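Report on one structure; see the data block that follows.
Protein chains: 2
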Amino acid sequence: MLKHYQLNALSDADINQLISRNTDATHAIQDAVLQIIDEVRQDGDASLKSFAAKFDKVALEKLYLDKEEIEELAMTITRDQQRALEIAFQNIHKFHSTQLRRERTVETMPGVKCWREVRPIEKVGLYIPGGSAVLPSTLLMLGVPARIAGCKEIVVCSPPQQSGKINGFVAYCLQLLKIERIYLAGGAQAIAAMAFGTASVPKVDKIFGPGNQFVTKAKSVIQGMTNVSIDMPAGPSEVLVIADETANPAFVAADLLAQAEHGPDSQAVLVATSATIIEAVNGKLEEQLAILPRAEIAKMAIANSYAIQVADLQEAMRFSNSYAPEHLILETDQWENLTRHISNAGSVFLGHLTPESAGDYASGTNHTLPTSGYARSYSGVSVDSFVKKITFQHISAEGLQQIGSTVEILAELEGLHAHKNAVTIRK
Amino acid sequence: MLKHYQLNALSDADINQLISRNTDATHAIQDAVLQIIDEVRQDGDASLKSFAAKFDKVALEKLYLDKEEIEELAMTITRDQQRALEIAFQNIHKFHSTQLRRERTVETMPGVKCWREVRPIEKVGLYIPGGSAVLPSTLLMLGVPARIAGCKEIVVCSPPQQSGKINGFVAYCLQLLKIERIYLAGGAQAIAAMAFGTASVPKVDKIFGPGNQFVTKAKSVIQGMTNVSIDMPAGPSEVLVIADETANPAFVAADLLAQAEHGPDSQAVLVATSATIIEAVNGKLEEQLAILPRAEIAKMAIANSYAIQVADLQEAMRFSNSYAPEHLILETDQWENLTRHISNAGSVFLGHLTPESAGDYASGTNHTLPTSGYARSYSGVSVDSFVKKITFQHISAEGLQQIGSTVEILAELEGLHAHKNAVTIRK
Chain A
116 MLKHYQLNAL SDADINQLIS RNTDATHAIQ DAVLQIIDEV RQDGDASLKS FAAKFDKVAL
176 EKLYLDKEEI EELAMTITRD QQRALEIAFQ NIHKFHSTQL RRERTVETMP GVKCWREVRP
236 IEKVGLYIPG GSAVLPSTLL MLGVPARIAG CKEIVVCSPP QQSGKINGFV AYCLQLLKIE
296 RIYLAGGAQA IAAMAFGTAS VPKVDKIFGP GNQFVTKAKS VIQGMTNVSI DMPAGPSEVL
356 VIADETANPA FVAADLLAQA EHGPDSQAVL VATSATIIEA VNGKLEEQLA ILPRAEIAKM
416 AIANSYAIQV ADLQEAMRFS NSYAPEHLIL ETDQWENLTR HISNAGSVFL GHLTPESAGD
476 YASGTNHTLP TSGYARSYSG VSVDSFVKKI TFQHISAEGL QQIGSTVEIL AELEGLHAHK
536 NAVTIRK
Chain B
116 MLKHYQLNAL SDADINQLIS RNTDATHAIQ DAVLQIIDEV RQDGDASLKS FAAKFDKVAL
176 EKLYLDKEEI EELAMTITRD QQRALEIAFQ NIHKFHSTQL RRERTVETMP GVKCWREVRP
236 IEKVGLYIPG GSAVLPSTLL MLGVPARIAG CKEIVVCSPP QQSGKINGFV AYCLQLLKIE
296 RIYLAGGAQA IAAMAFGTAS VPKVDKIFGP GNQFVTKAKS VIQGMTNVSI DMPAGPSEVL
356 VIADETANPA FVAADLLAQA EHGPDSQAVL VATSATIIEA VNGKLEEQLA ILPRAEIAKM
416 AIANSYAIQV ADLQEAMRFS NSYAPEHLIL ETDQWENLTR HISNAGSVFL GHLTPESAGD
476 YASGTNHTLP TSGYARSYSG VSVDSFVKKI TFQHISAEGL QQIGSTVEIL AELEGLHAHK
536 NAVTIRK
């Protein structure tokens, strides 16, 4: 059962409490992560092997698998599974390949030409979580835009299974992406290896990917400590569903549970235009929970979640914009009128037949999205995340006459005479 | 005189040493910044007033200036100065207004439609340095893209002058941008105020702008501590000039000095295809330094800089890409052939008549750029920096049939049965 609040009975402070998600890891995690980073910097490959023994319970001779080993593993999955991964790959590729376009040159004054050109980030690191959950979909979501961007070196790290290998699904995705090596490192140690480089693992310019609290803390520490950048800060996953009387309570409950099964700290928020809807959804929640394999996890997440009753869809959308959800599902016939009012969200699912899980896997949109309110200022991962846009300018003799005195006056008023002279000397 | 190296005499370790710029502030700065942030969180406006008294030597009654006060200050500058700021405003606006375009909808499978929509970041904070140097150009470089993006609230902070006001140039830029209030706060305390909010200063979603070591450290601390994001990490400014025998040594020297006058920690790197060029540039450097008002600062920066002699332009470009300069100037007739080989740079200036100072002020490109090697993974500020791109998807009944089994198979192989059920229940 979701906790049930009425929006008009809540104070601003109550609302702030409800929309705040704590992203702070504990100091214990920070201390452990700092020590792991230190060891990887000092001992490189040797430390990665000893962490694999300690955390992944496996003795590794070498820290990566190559083409032949990957091929062999990829053959262990069924043709249906291969086909599903292929369709996901194709849809993700189709959507992401429209994201980069040549921009036009602007002549801001006669003879003063300015433009931007796109360049791939040369070396990128993709972290693919492993362990209990295996996430081939994450490899597609990061690998496809990296390939479209044209990154020269794509370093993939994933924790080894107890076999000392990776699973066949991840292997098949590597093949689809034409990535011929995977590094067997997980956790904070994988992030440190990609940030500083070891004898086996290349140093990269930017690190992408989700992970547990150790991984996300390591990414944030690395961001402050080096000039390696990261895709975005990460917190637990979350969904906000807006439902009105046109919603099917069973669909709503299914979407809330799909979020809840991710982990005990996931959050599923229902914003509904009547108490009747909330009651109906709660009923379906109980039914569906009863037969869910990961029910224990989902129950903890539901305890950490809530429903809010609002007067109408406009009020629902205002609350959603304050919350800034990673995933937003509009389960109402009115979705077309609502979309322009969305100001803060990671990815939006429209209407009754668009479950979040379609976007998690296969519709084509990316599932690496801003959580914890970061949707106020961050976009999800896209091809944009794997490139830089460099500005260029060319000034002709005519252009220099046109713009020269303006630059001289502005340099002078800022007291920067060498800036002024760089123009004057050319006139 | 620039220190002079020959590239083919350098080891990889030597090169790594030359291209590394230390971005770490000292612990003393970190400690001071943490304490300032703490005080602003606890005491809000009162702490901002006491910091203004301590650091800016001014007793403030209120922490902002409004429309009428801004108008009055803006009238104190000359018509020529106003005109120069207007031209800069127009060029920056013209270039930046081409940066956002509607993207098309992609139907990845029949009935599965995906697209992205742009939304402004609602509340942005712009930090405009003040004190000895006054930087109205920075206000234009941040304010114009914020306006084009459509940000609802633009909070501008700048340290008060001893008059308790701001200078007329900044005031005139506020008018051009139709920003009707400026907050009188500088340093780490301004960053903290925008991150947490005070009675006077609104909390924002993202903070932009350059500043001294306290400001940049505060931005990096805030990024790790809150879900307020920042434009980019910042280090001292830098230029790399590639020159061949077609270069005019006086122009090259002027460009190096324009960088050097920024501050003692600025870096100006010359990469030249012969020793003769380096000698000629060094000669012109001495001449121009002799009559430069900020010669003392520039000399310290030159001592922190160097020249590298290379065999040809290809080798020059490889070194430049390793260095990843904030500003790159190609002083060669061959610039058109070189540009496609540029992989890492913030902003590029092409040919003999395109000084960096044109882009610093008025050509239209942005001057807020990645330093310290961050050009490997970051772009400069643009309209992109002030928006999010939200993904949307709509699936029809036909679409659900098309994509349903793929999602079910992938959810099952990742062990996420509620994800699967969110599709099955709708089929």
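Listed in order, the protein sequences are those of chains A and B.
The first sequence begins at 116 in my numbering and counts up one residue at a time.
The second sequence begins at 116 in my numbering and counts up one residue at a time.
Note that CB positions come from ideal geometry on N, CA and C, so glycine has one too.
Owing to the predicted nature of the structure, the values given are computational and were not obtained by experimental measurement.
> Terminal residues of the continuous beta strand (DSSP E) containing ILE134 (chain A)?
Replying inline: It is not in any beta strand (DSSP E) - ILE134 (chain A) instead sits in the alpha helix (DSSP H) that spans 127-134.
> If you compare alpha carbons, which of A:GLU176, A:PHE166, A:TYR287 is closest to ALA189 (chain A)?
Replying inline: Minimum Cα distance to ALA189 (chain A) is reached at A:TYR287.
> From the DSSP output, which residues share a beta bridge with ILE423 (chain A)?
Replying inline: For ILE423 (chain A), which the question treats as bridged, DSSP gives the partners A:TYR120, A:VAL386.
> Along chain A, in chain order, which residues have C-beta atoms closer than 9 Å to that of PHE204 (chain B)?
Replying inline: Residues of chain A passing the Cβ test: none, with the nearest at roughly 11 Å.
> Residues of chain B with a CB under 7 Å from the CB of PRO546 (chain A): which are they?
Replying inline: Coverage of chain A is limited to positions 116 through 542, which leaves residue 546 (chain A) absent and any answer about it impossible.
>> Using 8 Å for Cβ pairs, my map puts SER437 (chain A) next to ALA373 (chain A). What's the rounded Cβ distance?
In response: Taking the Cβ atoms as the reference, SER437 (chain A) lies roughly 23 Å from ALA373 (chain A), outside the contact range of under 8 Å.
>> So, with DSSP's three-state summary, where would you put LEU355 (chain A)?
In response: Strand, per DSSP.
> Using the C-alpha atoms, what's the distance from LYS164 (chain B) back to ILE176 (chain B)?
Replying inline: The displayed chain sequence assigns Glu, not Ile, to residue 176 (chain B). Approximately 8 Å between the Cα atoms of the pair.
> Can you list the residues of chain A that ARG409 (chain B) reaches, using a CB-CB cut of under 9 Å?
Replying inline: Neighbours of ARG409 (chain B) on chain A, chain order: GLY530, LEU531, HIS532, ALA533.
> What residues in its chain sit with their C-beta under 6 Å from that of ARG409 (chain B), if we drop five residues either side in the sequence?
Replying inline: Cβ within range, chain order: GLU376.
>> So, with DSSP's three-state summary, where would you put CYS266 (chain B)?
In response: The answer is coil: DSSP assigns CYS266 (chain B) none of H, G, I, E or B.
> What residues match up with SER462 (chain B) in a beta bridge as DSSP calls it?
Replying inline: Within the DSSP secondary-structure output, SER462 (chain B) pairs in a beta bridge with A:THR506, B:HIS442.
>> For a cutoff of 8 Å on Cβ pairs, would you count LYS504 (chain B) as touching chain A?
In response: Chain A, which has a Cβ nearer than 8 Å to the Cβ of LYS504 (chain B), makes this yes.
> Which residues in the same chain as ASN282 (chain A) place their Cβ atom closer than 6 Å to its Cβ, once the five residues preceding and following it in sequence are excluded?
Replying inline: Result list for ASN282 (chain A): VAL249, in chain order.
> Is it right to say ARG541 (chain A) is buried, meaning 16 or more other beta carbons lie within 10 angstroms of its own, or is it exposed?
Replying inline: ARG541 (chain A) is buried by the Cβ-count criterion.
> Looking at C-alpha atoms only, which residue of A:MET432, A:GLN328, A:GLY474 is the closest neighbour of PRO379 (chain A)?
Replying inline: That would be A:GLN328, whose Cα lies nearest to the Cα of PRO379 (chain A).
>> Using a Cβ-Cβ distance cut-off of 8 Å, determine whether MET224 (chain B) contacts chain A.
In response: The beta carbon of MET224 (chain B) falls within 8 Å of a beta carbon belonging to chain A, placing the residue at that interface.
> For ARG409 (chain B), which of helix, strand or coil comes out of DSSP?
Replying inline: Shown here, ARG409 (chain B) sits in coil according to DSSP, grouped into three states, outside any helix or strand.
>> By the three-class DSSP mapping on this structure, what secondary structure does ILE337 (chain A) have?
In response: When secondary structure is reduced to three states using DSSP, ILE337 (chain A) falls in the helix class.
> For GLY466 (chain B), which residues from the same chain have a beta carbon less than 6 Å from its beta carbon, with the 5 sequence-adjacent residues on both sides left out?
Replying inline: Once the five neighbours on either side are set aside, the close Cβ partners of GLY466 (chain B) are TRP450.
> How would you call SER487 (chain A), buried or exposed, if buried means at least 16 neighbouring beta carbons within 10 angstroms?
Replying inline: Buried, since its Cβ has 16 or more Cβ neighbours within 10 Å.
> Listed in chain order, which residues of the stretch 215-244 of chain A have Cβ atoms closer than 7 Å to some Cβ of chain B?
Replying inline: Identification of residues in the stretch 215-244 of chain A having a C-beta nearer than 7 Å to some C-beta of chain B yields GLU218, ARG219, VAL221, THR223, MET224, VAL227, CYS229, ARG234, ILE236, GLU237, given in sequence order.
> If you draw a straight line from the C-alpha of ALA383 (chain B) to the C-alpha of LEU255 (chain A), how long is it?
Replying inline: Put simply, the backbone Cα of ALA383 (chain B) is about 42 Å away from that of LEU255 (chain A).
>> Give me the residue from B:ALA310, B:ASP320, B:GLU268 with the minimum Cα distance to ILE297 (chain B).
In response: The candidate whose alpha carbon is nearest that of ILE297 (chain B) is B:GLU268.
> Do LEU69 (chain B) and ALA203 (chain A) have their CB atoms nearer than 8 Å?
Replying inline: A query on residue 69 (chain B) cannot be resolved here, the shown segment of chain B reaching from 116 to 542 and no further.
> For TYR179 (chain A), which of helix, strand or coil comes out of DSSP?
Replying inline: Looking at TYR179 (chain A) - three-state DSSP - the assignment turns out to be strand.
> Where does MET224 (chain B) fall in DSSP's three states?
Replying inline: Note: MET224 (chain B) maps to strand in three-state DSSP.
> Whose CA, out of A:LYS293, A:GLU353, A:GLN304, A:VAL316, lies closest to the CA of LYS334 (chain A)?
Replying inline: A check of alpha carbon separations from LYS334 (chain A) across A:LYS293, A:GLU353, A:GLN304, A:VAL316 identifies A:GLN304 as the nearest.
>> Within a Cβ cutoff of 6 Å, which residues of the same chain sit near LYS321 (chain A), ignoring the five residues on either side of it in sequence?
In response: Take LYS321 (chain A), set aside five residues on each side of it, and the residues of its chain with a beta-carbon closer than 6 Å to its own are ILE236, VAL239, SER344, in chain order.
> For THR191 (chain B), which residues in chain A fall below 8 Å Cβ to Cβ?
Replying inline: Among the residues of chain A, none has a CB under 8 Å from the CB of THR191 (chain B); the nearest is roughly 12 Å distant.
> At which residues does the alpha helix (DSSP H) containing LYS209 (chain B) begin and terminate?
Replying inline: Counting along the chain, the alpha helix (DSSP H) containing LYS209 (chain B) begins and ends at 194-211.
>> Just to make sure I have the definition right: I need the residues of chain B whose C-beta is within less than 7 Å of the C-beta of SER511 (chain A). Which are they?
In response: Under the 7 Å cutoff, chain B gives LEU468.
> Taking contact to mean at least 3 C-beta pairs separated by less than 8 Å, is the stretch 516-535 of chain A in contact with the stretch 390-410 of chain B?
Replying inline: Three or more beta-carbon pairs drawn from the stretch 516-535 of chain A and the stretch 390-410 of chain B are found closer than 8 Å, and the two stretches are therefore classed as touching.
>> Can you tell me whether GLU376 (chain B) is helix, strand or coil according to DSSP?
In response: Coil at GLU376 (chain B), not helix or strand.
>> Looking at HIS482 (chain A): is its Cβ nearer than 8 Å to the Cβ of SER273 (chain A)?
In response: Cβ atoms of HIS482 (chain A) and SER273 (chain A): not closer than 8 Å.
> Which residues bound the alpha helix (DSSP H) around LEU528 (chain A)?
Replying inline: Run containing LEU528 (chain A): 512-528, per the alpha helix (DSSP H) assignment.
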